[in-house]
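Asks: This is the structure, below, for whatever I ask next.
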Amino acid sequence: MAIHQLPPGDVVASLNTSPAGLTGAEAERRLREFGPNRVEEVARKPLSFPLLKEFTPFFSVILWVAAGLAFVAEWSEPGRGAWRRWATRSWR
10 MAIHQLPPGD VVASLNTSPA GLTGAEAERR LREFGPNRVE EVARKPLSFP LLKEFTPFFS
70 VILWVAAGLA FVAEWSEPGR GAWRRWATRS WR
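Numbering (our numbering), first residue to last: 10 to 101.
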């Protein structure tokens, strides 16, 4: 059973303490066994990493390559690509 579901007396007993708190000897023992009670600071990743991660899956890379090829094709022969046909509706 989870500790938050136990009655208060059972919680105190399961943690080897008393309603008044830990004794000095018990606090010293726990300090030696577990170390100081503090949260360690973890190195954080820059916020740009999750954004860049969205652009690197396989399908995204394929779309980026296709967009680059379309850009090069339009740059090398302007007006000959699909954009012109779509914009002028000459394909109908």
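Using N, Cα and C, we set each Cβ at its ideal position, and we do this for glycine too.
For Ala29, which of helix, strand or coil comes out of DSSP?
Replies: Start at 1 with the first residue of the sequence shown, and residue 29 comes out as number 20. Reduced to three states, the DSSP call for Ala29 is coil.
Asks: So for Lys54, helix, strand or coil by DSSP?
Replies: As a working note, residue 54 is residue 45 in the sequence shown. Correct three-state label for Lys54: coil.
Asks: Going by alpha carbons, who is nearest to Asn46 out of Phe80, Thr26, Glu37?
Replies: Position 37 of the sequence shown, counted from the first residue, corresponds to residue 46. With distances taken between Cα atoms, Asn46 lies closest to Glu37.
Asks: Suppose you measure from the CA of Arg53 to the CA of Phe67; what does that come to, to the nearest Å?
Replies: Translated into positions along the sequence shown, residue 53 becomes position 44. Translated into positions along the sequence shown, residue 67 becomes position 58. Whole-angstrom Cα-Cα distance: 26 Å.
Asks: Do you know how far the Cα of Thr65 is from the Cα of Trp73?
Replies: One-based indexing of the sequence shown puts residue 73 at position 64. One-based indexing of the sequence shown puts residue 65 at position 56. Distance between the alpha carbons of Trp73 and Thr65: 10 Å.
Asks: Between Leu15 and Ser23, how many whole angstroms is the CB-CB distance? I'm expecting something under 8 Å.
Replies: Residue numbering aside, residue 15 sits at position 6 when the sequence shown is read from its first letter. Residue numbering aside, residue 23 sits at position 14 when the sequence shown is read from its first letter. About 7 Å; that satisfies the 8 Å criterion.
Asks: Leaving out five residues on either side along the sequence, give the residues of the same chain with a beta carbon under 8 Å from the beta carbon of Leu56.
Replies: Position 47 of the sequence shown, counted from the first residue, corresponds to residue 56. Result list for Leu56: empty, nothing under 8 Å.
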